Structure formats: structure tokens, C-alpha cells
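To start, the structure under review is shown below, and the notes come after it.
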Amino acid sequence: MYPSDISDKEWEILEPYVAQGAIGRPRKHDIRAIINAIRYIMKGGCQWRMLPKDFPPWKTVYDHYFRWRNNGKLQRIHDSLVKKSISKNDSKRGSRGYDAGKKIKGRKRHIIVDTLGLVVTADVHSAGVQDRDGALALLIKAKRKTLTLQRFFADQGYTGELQKRCFLKTGCLLTIAKKDPEAEGFQVIPKRWIVERTFAWLSNFRRMSKDYEHSPLTSKTNIFFNMITIMLKN
Numbered sequence: 001m002y003p004s005d006i007s008d009k010e011w012e013i014l015e016p017y018v019a020q021g022a023i024g025r026p027r028k029h030d031i032r033a034i035i036n037a038i039r040y041i042m043k044g045g046c047q048w049r050m051l052p053k054d055f056p057p058w059k060t061v062y063d064h065y066f067r068w069r070n071n072g073k074l075q076r077i078h079d080s081l082v083k084k085s086i087s088k089n090d091s092k093r094g095s096r097g098y099d100a101g102k103k104i105k106g107r108k109r110h111i112i113v114d115t116l117g118l119v120v121t122a123d124v125h126s127a128g129v130q131d132r133d134g135a136l137a138l139l140i141k142a143k144r145k146t147l148t149l150q151r152f153f154a155d156q157g158y159t160g161e162l163q164k165r166c167f168l169k170t171g172c173l174l175t176i177a178k179k180d181p182e183a184e185g186f187q188v189i190p191k192r193w194i195v196e197r198t199f200a201w202l203s204n205f206r207r208m209s210k211d212y213e214h215s216p217l218t219s220k221t222n223i224f225f226n227m228i229t230i231m232l233k234n
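Structural data, given as C-alpha cells:
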């Protein structure tokens, strides 16, 4: 047993999403053990080849993860869990917050979260892509996923043209969360702190402390996988 292992209660929620279908040959390795191995990688940040021997073979774990990455399975599981969480907390629903992302090793992580801090959508791309271009693409994607969206919040770096383009492309208002000009010292910016808290949650996974991945798609998938872990625990 490792601290990163999935609990029985968490497994009750996740198992239906990863259970083997009626068609196909039986799995050679226990799928829960494979999930635990991936969680170990994410939490500890080790290389795939350095998985402890009491997990399934590293190549088996690696192949499962990248198959799920390529077919979008992990993002679908993530999105389903977000919907369930929202339905349980419907009274807390509200606007979405946008964060321009964190520059990590030449890449930027962009996320849109709801008022609970759950990721609505995410993207990872080269740091050479302008923040406003990356922002607009993600705002459009979020609107397509959640048609009832009416308003986004962003920080002061997105004042002006992006607000106009957001409304034209999505029909949603982009409201800028501002500091109090009369206050002194450090300020917690309204709405923005929710996004920062989500990044803090993700930073607890050592695999995400830096961008070790060759592919931006893998980096994005890591966000969804680790948010699944966070939601299951909460």
C-alpha cells in the first residue's frame, strides 16, 4: 500500500468508468492496480521505468495511460465527475474564472474553473502563443461544453480587446477582477484566488511541478487525471 493508492470509497465511484466491457479478452492485470500505479507516478514524479516492482509492469501501465490519453477517456471521466459534483452543489453554481496559465519550461497551462475550483476545460501550449489568443480559444471551448455559461472572470491582463472578442464569439461577458486601488499591501483578488487555489492543488502532484512531458496533450491529460484524484478525495 502506498499513500497515493485509491481508497475503497473512491474506487466505488471510479470503477464503473474503467470496468471492462463484455467484449474483448480478459485483462491480464488488475485495472485498480494500474490506476494506483499512475497515481504513484503523478504524486511522486518518478519516471515510468522506475515504478516499484509491486505494481504491474511499467510498460503495461504506460500503455494504458497513453491509450486513455489518445482516446480522450480520462477527459470524459473528468467531465462526468465535474457534472456530478456541480449537480450536488447546484446552489453554489456561478460564473467561471479564467487564468492565463503558468509558464512551465516553455509552455503555458491554461485552465477555466467554476466557482468550486473544478476545472471546466484546460489547454497546454507553447509559451510563444499570445495569452489573449490562448484565452479566447479556451473561452470558446468552455462555452461549447457548458451552454448555460453567461459570464467569465479574468485578471487585469485581459482588459480591452479580449472582452469584446469574448462577447462576440461566445455571447458571454468577460469581467475583470480588479484590486482595490485604495488598499495597501497584498490583496486577494476576487474570483482570481479560486483559480490560484486550483493550481495549488495541482502543484501537490510532483509530476506537475515542472513540465516533464514531450507532448502538450500529455501535459493536459495530466491535469484531468490529477483533478479526477482530487475530486474523488473530496
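When we follow UniProt numbering, the leftmost residue of the sequence shown carries the number 1, and every step to the right adds one. A virtual CB, placed ideally from N, CA and C, is assigned to each residue, including glycine. Nothing here was measured: the structure is a model prediction, and the numbers come from that model.
For W201, the CB contacts under 7 Å within the same chain, skipping 5 residues up- and downstream, are I230 in chain order. Looking only at F152, Y40, F167, the smallest Cα-Cα distance to A177 is reached by F152. Using a 10 angstroms sphere on the CB of S219, the tally of other CB atoms reaches 16 or more, which defines it as buried.
The beta carbons of V120 and A142 sit closer together than 8 Å.
For V119, the beta-bridge partners assigned by DSSP are V113. Runs of the alpha helix (DSSP H) lying entirely within the region 155-185 and spanning at least 4 residues, in chain order: 161-170.
Taking all protein chains shown into account, M1 has fewer than 16 neighbouring C-beta atoms within 10 Å of its C-beta and is therefore exposed. Note on L149: 16 or more other CB atoms within 10 angstroms of its CB, so buried under the neighbour-count rule.
Using a 10 angstroms sphere on the CB of F205, the tally of other CB atoms reaches 16 or more, which defines it as buried. Annotation for D131: the continuous alpha helix (DSSP H) segment containing it runs 131-145. DSSP links H125 through a beta bridge to K108. When C-beta atoms of the region 34-41 are compared with those of the region 55-69, three or more pairs fall below 8 Å, so the two segments count as touching.
The beta carbons of H125 and K145 sit no closer together than 8 Å.
Cβ-Cβ separation between F55 and A19: approximately 20 Å, too far for a contact (criterion under 8 Å).
At a Cβ-Cβ threshold of 8 Å, K169 and L138 do not count as neighbours. In this structure, the CA atom of T221 is about 10 Å from the CA atom of M227. Judged by DSSP in its simplified three-state form, R76 adopts helix. By the 16-neighbour rule on beta-carbons within 10 angstroms, H214 is exposed. For the 8 Å CB-CB criterion, F225 and M50 do not form a contact.
CA-to-CA, the gap between C166 and P57 works out to about 47 Å. Shown here, F225 sits in a helix according to DSSP, grouped into three states. Counting only residues of its own chain and dropping the five nearest sequence neighbours on each side, S203 has a CB closer than 8 Å to the CB of S209. Around the beta carbon of T159, fewer than 16 other beta carbons sit within 10 angstroms, so the residue counts as exposed.
As the crow flies, the alpha-carbon of L147 is around 46 Å from that of K53.
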